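Heads up: the structure comes next, in structure tokens.
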Amino acid sequence: MNHEGAWSYMLDMLEGTPVGEAAEQCKPIAYDATGSRTFTILAPNRQVAYAVDSQSVVQHIKDFLLIVGDTELNLDIQVEADDEKVPEYAVFAGWAQVLEALQAESPRASFDTWIRETWPVSLSDGTLTIGARNAYAAEWLNNRVSERAGTLASTLLGKRIKVKFIWATATGTSDEKDDDNEPGGEEELRDAPGKNKVEAAYDTAYSQEVKPEQRIALPGYALRLLRHGDLSPKEMTLWVAFRQSTYHRWSREQPAVKNIPHWDVLRYANMSRSSLEREIAKAENGKICGGLVSILPEDASAFTRDPRFDYARRYQVQVNPRLTRRDCNAIHSILYRAISMTTSMADALAVTEKTLNELTERQPTSYLEDSQNQEHSLNGWPCGVAEIVRVATGYKGDLPEGVHKAAEQLQERIISGFGLAMIPLYFLHTVAPRLNLTQWQTWAVIVMRYRCAYDPEENETLGYALFHGGLDELAERSGASVKSLRRWMNDASFSMFAAVKHVSDENIPEYWTSRSLLLDICQTEPIIAEGTECYTARDKMTHDQGQNDTRPGTECYTARDKMTHDQGQNDTRLKRSIKFQPRANKIHESPQTPRLAAQKPGRVGSRAYWDWDFLMSRNAVSMPMSKKLLIANKAENRDIAHLCQKFISWILYGYSEAGRGLSNPVSNALARLKENAYTGAGGDFDRLAALSPNTLRAYIDLDLAGRDLPDSHLADAYTHNFINLPKAAKRELRGRLFE
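Quick note on the numbering used here: the sequence shown kicks off at 34 and runs consecutively.
Below, the structure is given as structure tokens:
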């Protein structure tokens, strides 16, 4: 049998893992296929031998040798030299296996919070020194984990080992080592050995546990990516996770490029490694999260002596969010109108610079939310204002200095014009995983907290969020569905963050609508006892400053317990909230006006008929193809309304269950019409295409909002064909037919 081939196969399967790295130091000697089925290898020393003695090694060798079932394979590991000196790598490999054992024995929350972010520093005189992210973590680990870790390390290395946790850098010795190779994020307190160590002092048990000062300051504009459907909640979570992994480099004015191991992303992402790998596998041209994260080729010059980072993928992360497609269209429409009357490139650039400077002086929502600025849509998704300028003007090459500066200033004004969304790290690291919040629930909580009213006179966040569009508006802003939000409001885990606030009729302001929804938002984080599963979201939780109520079925004290929820009591905080709601949510934030897309119809939706030119422009159909179809339609003595309906019929078919598998519904529709402009997809699709634009768009809007459609056979036909269509695809379908 080919024992060398089996060993090579095993190395390929375990490439990049601590066990695989240790196995590379060994040599296969022989394989006895008869009798005891013994596979013999030679290890350089005893420590590597212990690292290679793994069930994963045996299983991969069995797979290659076609040994199936319960048939045993004996792994005989011979040691070349019994050297007491442990190579540096063996320390890393050994500690990785200790972590695997501790993970299996420890509660998930405890392991993720305290144990996962540890690394070996040195091994001398029988003491294995392990680095922790700060002094508090080191003390916690020494009190609770060191003894068990010592037992596991002793078994692994074959001699008596004592484990000691210290506060140290990942390298353990060098002051000059780039701390981008350290595990952890910008929230951690890092000082090289020999320098002064500063620890935060906490006056309550709550602040000691939550550490409120450790927060992510995310530009509030990023939430528009959720609102406009450019990123899903899962994509947004991944971008934030990658952003935090490179934030420390960016804050020191270095490129946000780094080898990022999977565990550094998962501690922010609240998902499994398999989910992370599936999202990465979806990358198009090496880009994920809407292009905010790029996968780069391996750079050997950036390698360190830490295998955890050297074998990780290399990413480039965009720290600031990009403009949404809808906002790009708004800026393009404004520039298009401004330069439409110019006669030269010089005049166009001068007008462009003037227009950009004027927009910089205005509040972003005053023009971004204007539906009239959506008349000249863009193909693709520009990276920023500078690229929009090039598209609008047709200018090639580097923009003039004045225009380029004005474009950058406008982009900075837009990104910074929506304030900051402050996300506590404790919420991402601990609360969301322990409460089993989904990505959609997590961002719904973040959006509600971001929308809380701010009192500029008292410099205080009042804790109430107002949504004039009701749950529909909250669903739109958070990327969730209305049905899900209604269900979550009755779920104990989610309702502890928000509760509907009833306001008496005499206190309702005039600017409120019949759909206005006021939510009482809890600003503090729930404290959940470690090692417990939360089934009711009330058991074993507290919101106070250190109390621990672990009696099953008891309601914990929350900051909301002292608030009024009836319609008659005097609530000063509520009155102040109502008073200041029309103003900005944050001190430096532009007013958040409700989205008016549903009230202000687009070009096609305001008519009782379809517009062929609009449909061709909306779906990026070339002029020659459009003319060919018009000529063929005219040859059949059909009017243009007939051609529009057949085109829409095929588009509907392409997005329905019947058209599953079509990669490009528009190309399919054009090909079908080119073959025969007389017929559509037939059946329900022809009947739905015969509806007026207003009616068909109403069906799609009601479906996206999670509301019931009218009781009619055509509404039933729409539901039957599109009930299983993903929400993102429904939005895409709407975008192909309407503005």
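From the three backbone atoms N, C-alpha and C, an ideal C-beta is built for every residue, glycine too. Note that the structure is predicted; figures quoted are calculated from it, not measured.
message: Please state the DSSP three-state secondary structure of G217.
response: With a pLDDT of only 37 at G217, under 50, the local geometry of the prediction cannot be trusted, and the value read off the model is given with reservation. G217: coil per DSSP, three-state reduction.
query: Could you give the distance in angstroms between the alpha-carbon of G183 and the alpha-carbon of S526?
result: Looking at the two C-alpha atoms, the distance is approximately 38 Å.
field: Backbone secondary structure at K763 - three-state DSSP
entry: Correct three-state label for K763: helix.
field: Separation of G413 from D360, as counted between CA atoms
entry: For D360 and G413, the distance between alpha carbons rounds to 13 Å.
- request: Return the CA-CA distance between V178 and A129, expressed in angstroms with no decimal places.
  value: One C-alpha to the other measures close to 15 Å.
- prompt: What are the complete alpha helix (DSSP H) segments, minimum 4 residues, inside the region 401-488?
  reply: Taking only runs of at least 4 residues, the alpha helix (DSSP H) segments lying wholly in the region 401-488 are 418-426, 434-449 and 472-483.
field: DSSP-derived helix/strand/coil call for R141
entry: It is helical.
- request: For my contact list, D109 and T73 are in at a C-beta cut-off of 8 Å; report their separation, rounded to the angstrom.
  value: Sure, about 4 Å apart at Cβ, within 8 Å.
- prompt: From this set, A738, S514, K534 and H501, which residue's C-alpha is nearest E543's C-alpha?
  reply: For E543, the nearest C-alpha among the options comes from H501.
message: Using the Cβ count rule (16 or more neighbours within 10 Å means buried), how would you classify Q92?
response: Around the CB of Q92, fewer than 16 other CB atoms lie within 10 Å, so the residue is classed as exposed.
- prompt: What three-state label does DSSP hand F771 in the structure shown?
  reply: F771: coil per DSSP, three-state reduction.
field: Expected contact under 8 Å - CB spacing of R166 and E180 to nearest Å
entry: Between R166 and E180, the beta carbon gap of about 21 Å keeps them out of contact (Cβ cut-off 8 Å).
task: To the nearest angstrom, report how far apart I367 and A653 are at their CA atoms.
output: If you draw a straight line from the Cα of I367 to the Cα of A653, it is about 20 Å long.
field: Assigned secondary structure, A165 (DSSP; H/G/I helix, E/B strand, else coil)
entry: Annotated three-state conformation of A165 is strand, per DSSP.
- prompt: Alpha carbon to alpha carbon, what distance is there between E312 and A714?
  reply: Distance between the alpha carbons of A714 and E312 is about 34 Å.
query: Helix, strand or coil: how does DSSP classify F530 here?
result: It is coil, neither helix nor strand.
Nearest to L161 (by Cα), restricted to the options D736, M43, T388 and L189: For L161, the nearest C-alpha among the options comes from L189.
query: Is the number of C-beta pairs between the region 385-399 and the region 323-330 that are closer than 8 Å three or more?
result: With the cut-off at 8 Å, the region 385-399 and the region 323-330 do not touch.
query: In the DSSP assignment, what are the bridge partners of S157?
result: In the DSSP secondary-structure assignment, S157 is bridged to T160.
query: How long is the line joining the alpha carbons of D343 and I293, rounded to whole angstroms?
result: The straight-line gap from Cα to Cα measures roughly 9 Å.
- prompt: Quick one: is A761 buried, meaning 16 or more other Cβ sit within 10 Å of its Cβ, or exposed?
  reply: Per the 10 Å Cβ criterion, exposed.
- prompt: So what's A250 in DSSP terms, helix, strand or just coil?
  reply: It is a strand residue.
- prompt: Three or more beta-carbon pairs under 8 Å between the region 441-458 and the region 247-267, yes or no?
  reply: The region 441-458 is in contact with the region 247-267.
query: So what does DSSP say about R260, is it helix, strand or coil?
result: Helix at R260.
Residues bridged to D96 (per DSSP): Partner(s): none; D96 has no beta bridge.
field: Beta-bridge partners of L75, as assigned by DSSP
entry: Beta-bridge analysis with DSSP links L75 to K60 and Q111.
field: Close Cβ partners of M77 (< 6 Å) along its chain, the five nearest in sequence each way excluded
entry: The sequence given here has Pro at residue 77, not Met. Counting only Cβ-Cβ distances below 6 Å, and skipping sequence neighbours, we find Q58 and E113.
query: Given L766, which residues of its chain have a CB within under 6 Å of its CB, disregarding the five upstream and five downstream residues?
result: Same-chain partners within the cutoff: Y688.
message: Here's the rule I'm using: 16 or more other beta-carbon atoms within 10 Å means buried, otherwise exposed. How should M656 be labelled?
response: M656 should be labelled exposed.
task: Give the straight-line distance between the Cα atoms of R519 and R740, rounded to the nearest whole angstrom.
output: Roughly 12 Å between the two C-alpha positions.
task: Indicate whether A465 and N303 have their beta-carbon atoms separated by less than 8 Å.
output: Yes, the pair counts as a contact, with Cβ atoms nearer than the cut-off.
query: Among all the DSSP beta bridges, which residues are the ones paired with V290?
result: Beta-bridge pairing by DSSP links V290 to Q349.
field: Beta-carbon contacts of V326 that lie in its chain and below 8 Å, excluding the five residues immediately before and after
entry: Within its own chain, the residues whose Cβ lies closer than 8 Å to the Cβ of V326, once the five positions on either side in sequence are excluded, are L271, W272, F275, K320, Y348, Q349, V350 and Q351, listed in chain order.
message: Once DSSP output is grouped into helix, strand and coil, what is the label at D741?
response: Of the three classes helix, strand and coil, the one that applies to D741 here is coil, per DSSP.
- request: Apply the 10 Å Cβ neighbour rule to R779 and answer buried if 16 or more other Cβ atoms are within range, or exposed otherwise.
  value: Only positions 34 to 772 of the chain appear in this structure, which leaves residue 779 out of reach.
query: Should L499 and S549 be called a contact, given that it needs their Cβ atoms to be closer than 8 Å?
result: With contacts defined by Cβ atoms closer than 8 Å, L499 and S549 form a contacting pair.
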